[in-house]
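A.B. asks:
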Amino acid sequence: MPKPHIPLEEIRAQVEGCRRCPLADGRTQTVFGVGNPSARVLIVGEAPGKNEDLQGEPFVGAAGKYLNELLAIAGLRREDVFIANVLKCRSPGNRDPRPEEIELCTPYLREQTRTIDPEFIVTLGNFSTKFILKTEIGITRLHGTLQRAGRFKVFPIFHPAAALYDGSKREALENDFATLGQPLRESDAAAASAQTGGAAAAPAGPGTVGASATPAGAGAGAAQTEPRPDPASHVEQPHLL
Ligand code: SF4
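Per this note's numbering, the sequence shown starts with residue 1295, numbered consecutively.
1) Please look up how many angstroms separate the CB atoms of Pro1352 and Ala1378, rounded, as I've assumed it's under 8 Å.
2) Which residues have a Cβ closer than 6 Å to any heavy atom of the ligand SF4, listed in chain order?
3) Taking its Cβ as the centre, do 16 or more other Cβ atoms sit within 10 Å of Gln1489, making it buried, or is it exposed?
4) Give the list of continuous beta strand (DSSP E) stretches no shorter than 3 residues that lie fully inside the stretch 1342 to 1404.
5) Which residue wins for smallest C-alpha separation from Leu1348, given the options Ala1483, Cys1383 and Lys1463?
6) Mind checking whether Gly1320 and Phe1376 have CB atoms under 9 Å apart?
7) Determine the contact status of Leu1364 and Phe1471, defining contact as a CB-CB distance below 9 Å.
8) If we ignore side chains and look at the alpha-carbon of each, how far apart do Gly1311 and Lys1424 end up?
9) Taking 7 Å as the limit between beta carbons, can you name the residues of its chain near Ser1385, skipping five residues before and five after?
10) Helix, strand or coil for Thr1407, going by three-state DSSP, please let me know.
11) Is Lys1447 helix, strand or coil when you go by DSSP?
12) Do Gly1419 and Ala1368 have their CB atoms nearer than 9 Å?
13) Provide the residue(s) that pair with Phe1414 in DSSP beta bridges, ordered along the chain.
Here it is in structure tokens:
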């Protein structure tokens, strides 16, 4: 029998009291995540930064403003999605998450994902992509391609913070969010068609979006530096979220 979903507020309370790893000692507060509790799109970043730690919300400040612009490119509003991180506490000096921290913290993300039950998971950067897809393939190769983890459609994209420091990533990021808009629109059309009893639109699926898809007004994969993998064949599956 499937495990019952834990209400988000219950998971939030668990996170607020969590001291499983040493990051608890340096935090101002935990950053649980924010957004539509039954969002069709779950955005997963890496860990809270300085502003997020102070405000208790992911993607605030310049990175948050830029994320809102990127979401708009895909036809999404911030209030439509749920935004969470792999780690719920800030690391000292924003260093990379350590494997043991990821292992200790990700049960919360797993439960959030089960409860929200999104159709799409957008992974931002290496850490969330590797965790969600259970792969060692880096974001440079996977970004902009539709993948699958269990029943979830997964779309890896560079972390927006990377573009704030490295302008060359901006074009790739914006292209990827434009590309993400395509399966979202296809899914909308399929849902509308199912509601009206009409002929079903072609559903989005792994392999249908990727290096060959050209988003409106943008050349796909312009900043790509490595050959792109076949989206269906390089990721270990299935993943037990
Ligand atoms: S990072 Fe995660 S596991 Fe570590 S103390 Fe914070 S909530 Fe707990």
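Here a beta-carbon is modelled for each residue, glycine too, at the ideal position from N, C-alpha and C.
C.D. replies: The short version:
1) A Cβ-Cβ separation of about 7 Å places Pro1352 in contact with Ala1378 under the 8 Å criterion.
2) A residue is listed when its beta-carbon falls short of 6 Å from at least one non-hydrogen atom of the ligand SF4; in chain order these are Val1309, Cys1312, Arg1313, Arg1314, Cys1315, Leu1317, Ala1318, Thr1324, Leu1381, Lys1382, Cys1383, Glu1395, Leu1398 and Cys1399.
3) Per the 10 Å Cβ criterion, exposed.
4) You should have 1376 to 1379.
5) Proximity to Leu1348 across Ala1483, Cys1383 and Lys1463 peaks at Cys1383, based on C-alpha coordinates.
6) In terms of Cβ geometry, Gly1320 and Phe1376 do not form a close pair [threshold 9 Å].
7) Here Leu1364 is near Phe1471, since their CB atoms are less than 9 Å apart.
8) Those two C-alpha atoms are separated by around 27 Å.
9) Cβ within range, chain order: Leu1317, Ala1341 and Pro1391.
10) In this structure, Thr1407 counts as helix in the three-state DSSP scheme.
11) It is a strand residue.
12) The Cβ atoms of Gly1419 and Ala1368 lie no closer than 9 Å to each other.
13) The partner list for Phe1414 (beta bridge, DSSP) reads Val1335 and Lys1447.
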